[in-house]
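Q: Supplied in structure tokens, the structure appears directly below.
Residue numbers (this note's numbering), protein chains in the order written: chain A, 1 to 483; chain B, 1 to 119; chain C, 1 to 411.
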């Protein structure tokens, strides 16, 4: 049985950024991810916002890590290649009551150390009617799955082991070591980093009686066709509504050029319930049109939902701070609990903090030869000269298999060759974007399937959408018979 | 005396045709809007037939399957027998469009022919 | 970029592109080039292994591949150039096309361009079906490609949403391949496909149809587990007491087709919101001189025969066109959803294709020029799922009057 220094449970944005930070040091680190790829849970199903910190309670960890994390994004983007764009955000006010709220929000932001906040009476958004708005220039957008994949793959090429489709089913503490039982075998580790998101409580309960509950809160989103991306250039948020049944829908441009409407917020029983509902989809559109009247009725190309891991119930006020700490009862168990918004923004800062916690157990020695896998530009982002050069070098750059987003065969092959070994249709989608356009895989799916069969020898029965149970096909129309 | 209602499939209109019959004797046909309907109705009640289209496995071809059809309509009640034979057939590439893949399938005196070429 | 020039370039090598390219050469084009994104010619035809193609055009009922073969033989005979696995990235008003394939980036200068990009299928999100997002949901055309081209079976216990011809054909196909086809769900009170397909695909195999029903929820964590269907009332509102859950592992969506016009939009071509395709005149020329549109990217056709007539016409005029004139508008009046062409620029017998708003019996179509009746035709039955064709004589007088035309139904 291989011994690890650190075992990270959960390959979401939190687990992946921690894995990357730790991968600089001479440590044996392993990540257990029960999904078929990293970012299988909430990490891929959020707004992709790099928050400024104006929405966080002053002196909370949420505020601290959010503001710290925000400042790290540009440098991380430059280093690892995932895209980030500081589009800025307008929090809009449509009457005097709301303008008063804007002023309060500005104060909170300044208390949290958010720079350059400004209340404007005229905003640079012709499609958004309002009386005034708070301009937040340090708010930005990122592709949350592209970012998670960048951290995870960089950790992997620096010798962090990633075990996908591996679920932790039991943990025992034996002296200074944890014995971790998974569906793929047993492992030993000195430290456990519990970054299991919605499953964080079940991990804790394998070792001790949890002193907390989690309250899953689902958020639904709608994605608009790229044809409407000229409706807004910055994020548009209304003042958080007082009424309970009003969502306060956000309008968020995405890094790839779509627009997101959402999220909703609905407390649910089952954390795995990722349904989208007719009621919410309708409500999202209605409320979005109140903010931007010119949003079309028929512009939606997709819908999804993501679930927040809240530590406070509606009765308890829905708000609780992050809990990032080593368990007093179980030394060596580092828990990350309740990492909801601004979790994506906070992740790089949280990862540094967790590394500090780990350093209390080991002398962290930096590796030499730290590798970087920087995500390159997409084919469709390159100049015609660059495109021609690439095709000359490798003709697979010249065959387009995704007609909506103009993704090439080479990019699909690169996606399937990822260092984590993820080979589902979704792992292709989240790496190179094929399947995310308006035809939603109508053209590319058959070509990606052929590439998986021919170039990666995947049997048709083993081709999955996103998880081990999500098989695509049941077999052959006609079987090969032995003559 | 029995009255059967059938929908004609000869053209897109799809007339509802009523056929009154006594055993295998057709007494009356009405509801059709053209002559072709009479012919279809008669055959449909006495000897219903369909063109069957399907696929046959190809070995060593640029495509794994070749699309095929029955060279003429076959009796409806033979469809699944014919399919069973088609499912157990394999043909070697190259296949030429129009090529006979199975002769006199299931003793219908009708052939299964390729509807495309596979190199 | 590698530079080329050709008289007529056809974007799309499906039935429309093939017919248009052949017609262009037959009408004197010095050369012609077909650009298609797939490794084969024929577009959707090779996967349509069922028959029913070409009945009007040739008198014989052919299968899709046989119909395609007829045209690919003509393409060879006419020495038309074909580039497969080639994606057109854009074209402009100067009639220059930018395309990419394994040989590199290409700039193609042309004397005319024929748009024949076809259409794509509506997805689950075009109608916002709520629920989980499991695997096992396919649009009907994609399922058809897997079964017929790639030798791959998508599932065993199948529900089909939408009773258009594609859905009906796939119901039969799956049944013949041993699947358990649980039913076809259709929101309208009648099947939107042809009666002959309802007979040959559903009745023949005892596959039930749930009319006036829609899917209200999809359930499945990994793979599809069930769909919930419910009846709809007169206003398309769900009647919650009629909900029933159908266990299944595969859902085929046959929700309709959307003409593909991203390239057209990129070039600034004027589009018709109702058809989803370019506004064209009687010669199928779009708002850009020298650019023609035909096939499903112009309007969704019901039969390949009707489509081929338009495509051949477009191919002919792509060779013989002269500069564009201002013309009369053709408006769709009472109970007519749309009419193509939307513009008339010269006299002659013009073939109009149109769809009605709702099913009706014993109707009279009127064509009026500035309010004066110039054409009348009676039809016994019409419905939106069946395209209507009328041939109307347009005179010089009508052109010179500059009065718009209107096609409507009275009665």
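Note that beta-carbon positions come from the ideal geometry of N, C-alpha and C, so glycine has one too. No experiment lies behind these values; they were computed from the predicted model shown.
Residue 15 of chain C by DSSP, collapsed to three states: which one?
A: Counting from one through the third chain, the residue named residue 15 of chain C turns up at place 15. In the structure shown, residue 15 of chain C sits in a helix (DSSP, three-state: H, G or I).
Q: Measuring only the C-alpha atoms, how far is residue 60 of chain C from residue 115 of chain B?
A: Against the third chain, residue 60 of chain C aligns to sequence position 60. Against the second chain, residue 115 of chain B aligns to sequence position 115. Each residue's Cα considered, the two are about 14 Å apart.
Q: On the DSSP bridge assignment, give the partners of residue 278 of chain C in chain order.
A: Taking the first residue of the third chain as position 1, residue 278 of chain C is located at position 278. BP columns for residue 278 of chain C point to C:271.
Q: Excluding sequence positions up to five away, which residues of its chain have a Cβ less than 8 Å from the Cβ of residue 255 of chain A?
A: The sequence position of residue 255 of chain A within the first chain is 255, counting from 1. These residues qualify, in order along the chain: 48, 83, 84, 85, 141, 142, 143, 146.
Q: Reducing DSSP to helix, strand and coil, say where residue 34 of chain B ends up.
A: Here residue 34 of chain B refers to the residue found at position 34 of the second chain. Reduced to three states, the DSSP call for residue 34 of chain B is coil.
Q: I need the DSSP call for residue 22 of chain C, collapsed to helix, strand or coil.
A: Working through the third chain from its first residue, we reach residue 22 of chain C at position 22. If DSSP states are grouped into helix, strand and coil, residue 22 of chain C belongs with the helices.
Q: Determine the extent of the beta strand (DSSP E) in which residue 305 of chain A is found, giving its start and end residues.
A: Indexing the first chain from 1 puts residue 305 of chain A at position 305. Counting along the chain, the beta strand (DSSP E) containing residue 305 of chain A begins and ends at 300-310.
Q: My guess is that residue 182 of chain A and residue 168 of chain A are in contact by the Cβ rule of under 8 Å, so how many angstroms apart are they, rounded?
A: The count along the first chain starts at 1 and reaches residue 182 of chain A at position 182. The count along the first chain starts at 1 and reaches residue 168 of chain A at position 168. Indeed, because the Cβ distance is near 5 Å, the residues count as touching under 8 Å.
Q: Please classify residue 381 of chain C: is it buried, with 16 or more other beta-carbons within 10 angstroms of its beta-carbon, or exposed?
A: Here the question's residue 381 of chain C lines up with position 381 in the third chain. The residue in question, residue 381 of chain C, is exposed, as its Cβ has fewer than 16 Cβ neighbours within 10 Å.
Q: Name, going along the chain, the residues of the stretch 49-69 of chain C whose beta-carbon falls closer than 7 Å to a beta-carbon of chain B.
A: If the cut-off is 7 Å between Cβ atoms, the stretch 49-69 of chain C has 49, 50, 51, 63, 65, 66, 69 near chain B.
Q: For residue 28 of chain C, is the classification buried or exposed, using 16 other Cβ atoms within 10 angstroms of its Cβ as the cut-off for buried?
A: Taking the first residue of the third chain as position 1, residue 28 of chain C is located at position 28. Per the 10 Å Cβ criterion, exposed.
Q: Nearest-angstrom Cα distance between residue 172 of chain A and residue 191 of chain A?
A: For this step, residue 172 of chain A is matched to residue 172 along the first chain. For this step, residue 191 of chain A is matched to residue 191 along the first chain. Approximately 12 Å, taken between the alpha carbons.
Q: Counting beta carbon pairs with one atom in the stretch 28-42 of chain B and one in the stretch 2-10 of chain B, are three or more of them shorter than 8 Å?
A: With the cut-off at 8 Å, the stretch 2-10 of chain B and the stretch 28-42 of chain B touch.
Q: Would the beta-carbon of residue 64 of chain A be found less than 7 Å away from any heavy atom of the ligand GDP?
A: Looking at this structure, you won't find the ligand GDP or any other ligand, since it has none at all.
Q: On the CB-based measure, 16 or more other CB atoms within 10 Å of its CB, does residue 239 of chain C come out buried or exposed?
A: Residue 239 of chain C sits at position 239 when you count from the first residue of the third chain. That one is exposed.
Q: Which partner residues of residue 351 of chain C appear in the DSSP bridge assignment?
A: Translated into positions along the third chain, residue 351 of chain C becomes position 351. Answer by DSSP bridge pairing, in chain order: C:391.
Q: With a cut-off of 8 Å, does the C-beta of residue 445 of chain A fall near any C-beta of chain B?
A: Counted from its first residue, the first chain places residue 445 of chain A at position 445. Taking Cβ atoms only, chain B never reaches closer than 8 Å to residue 445 of chain A, which makes this a no.
Q: I'd like to know whether the C-beta atoms of residue 354 of chain C and residue 343 of chain C end up nearer to each other than 8 Å.
A: Residue mapping note: residue 354 of chain C aligns to position 354 of the third chain, counting from 1. Residue mapping note: residue 343 of chain C aligns to position 343 of the third chain, counting from 1. No, the Cβ-Cβ distance between residue 354 of chain C and residue 343 of chain C is not below 8 Å.
Q: Rank C:198, C:244, C:236 by C-alpha distance to the C-alpha of residue 217 of chain C and give the top, closest one.
A: Locating residue 217 of chain C in the third chain gives position 217, counting from the first residue. Among C:198, C:244, C:236, the Cα nearest to that of residue 217 of chain C belongs to C:244.
Q: Which two residues bound the contiguous alpha helix (DSSP H) that contains residue 454 of chain A?
A: Here residue 454 of chain A refers to the residue found at position 454 when the first chain is read from its first residue. Unbroken alpha helix (DSSP H) run through residue 454 of chain A: 444-456.
Q: Just the C-alpha distance for residue 260 of chain C and residue 119 of chain C, rounded to the nearest angstrom, thanks.
A: The residue you call residue 260 of chain C lines up with position 260 of the third chain. The residue you call residue 119 of chain C lines up with position 119 of the third chain. About 5 Å.
Q: What does the alpha-carbon distance come out to for the pair residue 234 of chain C and residue 210 of chain C?
A: Locating residue 234 of chain C in the third chain gives position 234, where the first residue counts as 1. Locating residue 210 of chain C in the third chain gives position 210, where the first residue counts as 1. The alpha-carbon atoms of residue 234 of chain C and residue 210 of chain C are separated by roughly 16 Å.
Q: Span of the alpha helix (DSSP H) holding residue 85 of chain B?
A: Along the second chain, read from residue 1 onward, the residue named residue 85 of chain B stands at position 85. 79-87 is the span of the alpha helix (DSSP H), which, as asked, contains residue 85 of chain B.
Q: Just checking: is the beta-carbon of residue 57 of chain B within a distance shorter than 8 Å of some beta-carbon in chain A?
A: Position 57 of the second chain, counting from 1, holds the residue named residue 57 of chain B. Closer than 8 Å to some Cβ of chain A, the Cβ of residue 57 of chain B qualifies, so yes.
Q: Determine which residues share a DSSP beta bridge with residue 55 of chain B and list them.
A: In the second chain, residue 55 of chain B corresponds to position 55, counting from 1. Beta-bridge pairing links residue 55 of chain B to B:67.
Q: Determine the burial state of residue 2 of chain B: buried for a count of at least 16 other Cβ atoms within 10 Å of its Cβ, exposed for fewer.
A: Numbered from its first residue, the second chain carries residue 2 of chain B at position 2. It counts as exposed.
Q: Let me know if residue 237 of chain C comes out buried or exposed under the rule of 16 or more other beta-carbons within 10 Å of its beta-carbon.
A: Residue mapping note: residue 237 of chain C aligns to position 237 of the third chain, counting from 1. When all chains shown are included, residue 237 of chain C counts as exposed.
Q: Within this structure, are the beta carbons of residue 80 of chain C and residue 9 of chain C separated by less than 8 Å?
A: Stepping through the third chain from its first residue, residue 80 of chain C is reached at position 80. Stepping through the third chain from its first residue, residue 9 of chain C is reached at position 9. Not closer than 8 Å, so no.
Q: On the three-state DSSP scale, how would you describe residue 313 of chain C?
A: Counting from one through the third chain, the residue named residue 313 of chain C turns up at place 313. Residue state, collapsed to three classes: helix.
Q: Give the residues from the stretch 17-44 of chain A that approach chain B closer than 9 Å (Cβ to any Cβ), ordered along the chain.
A: Answer in chain order: no residues at all.
Q: Which residues in chain C sit within 8 Å of residue 37 of chain B, going by Cβ to Cβ distance?
A: For the purposes of this step, residue 37 of chain B is taken as residue 37 along the second chain, with counting starting at 1. Chain C residues near residue 37 of chain B: none, gap ~12 Å exceeds 8 Å.
Q: Residue ranges of each alpha helix (DSSP H) run of no fewer than 4 residues wholly in the stretch 331-359 of chain A, ordered along the chain?
A: Counting only runs of 4 or more, we get 343-359.
Q: Can you find the residues in the same chain that come closer than 8 Å, C-beta to C-beta, to residue 388 of chain C, ignoring five residues on each side of it along the sequence?
A: For this step, residue 388 of chain C is matched to residue 388 along the third chain. These residues qualify, in order along the chain: 353, 354, 355, 356, 365, 379, 382.
Q: Between residue 46 of chain B and chain C, is there a C-beta pair that is closer than 8 Å?
A: Reading the second chain from its first residue, position 46 is the one you call residue 46 of chain B. Answer no: the Cβ-Cβ gap between residue 46 of chain B and chain C never drops below 8 Å.
Q: Measuring CA to CA, which of C:194, C:279, C:136 is closest to residue 153 of chain C?
A: Residue numbering aside, residue 153 of chain C sits at position 153 when the third chain is read from its first letter. The shortest C-alpha separation from residue 153 of chain C is found at C:136.
Q: Starting from residue 430 of chain A, follow the alpha helix (DSSP H) in both directions and report where the run begins and ends.
A: Within the first chain, the letter at position 430 stands for residue 430 of chain A. Element bounds for residue 430 of chain A: 425-432.
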